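Asker: The structure is given below, and queries will be raised subsequently.
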Amino acid sequence: MTVQDEIMARLTEVFRDVFDDDELTVFPAMTAKDVDEWDSLMHITLVLAVEKEFGVKLNAAEVGKLENVGQMVELLARKAA
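Written out as structure tokens, the structure is:
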């Protein structure tokens, strides 16, 4: 399992917890448009949950540049290295 695969698996659990949907499937091209409940408030909740799960701090500039979940995985992989 690659680092990216491990991050994606952990992110899937975070997304399922935040959105309260055990069936939610996370994929690299996923954006807020793919999840009905993903609004600005849920985005903040999600970012905080990701920070807690991965033990990192994400600043607004980093988060603002992310276009999809795949880019979040890449960012988390860089922070883990």
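Taking numbering that gives the first Met the number 0, the leading residue of the sequence shown gets 0, the next gets one more, and so forth.
Don't be surprised by glycine CBs; every beta carbon is placed ideally from N, CA and C.
Small disclaimer: the values here were computed from a predicted structure and weren't measured.
Would you decide whether L40 is buried or exposed? Buried here means 16 or more other CB atoms lie within 10 Å of its CB.
Answerer: By one-based count along the sequence shown, residue 40 stands at place 41. Counting Cβ neighbours within 10 Å, L40 comes out exposed, since fewer than 16 surround it.
Asker: Near M29, which residues of its chain fall below 7 Å by C-beta distance, leaving aside the five closest residues on each side in sequence?
Answerer: Along the sequence shown, read from residue 1 onward, the residue named residue 29 stands at position 30. Answer for M29: N67 and V68, listed in chain order.
Asker: Taking the beta carbon of F14 as the centre, do at least 16 other beta carbons fall within 10 Å, making it buried, or is it exposed?
Answerer: Residue 14 sits at position 15 when you count from the first residue of the sequence shown. Per the 10 Å Cβ criterion, buried.
Asker: Do you know how far the Cα of K56 is from the Cα of D4?
Answerer: Position 5 of the sequence shown, counted from the first residue, corresponds to residue 4. Position 57 of the sequence shown, counted from the first residue, corresponds to residue 56. Taking the straight line from one Cα to the other gives about 21 Å.
Asker: Do you know how far the Cα of L65 is from the Cα of A8?
Answerer: Here residue 8 is taken as the residue at index 9 of the sequence shown, counted from 1. Here residue 65 is taken as the residue at index 66 of the sequence shown, counted from 1. For A8 and L65, the distance between alpha carbons rounds to 19 Å.
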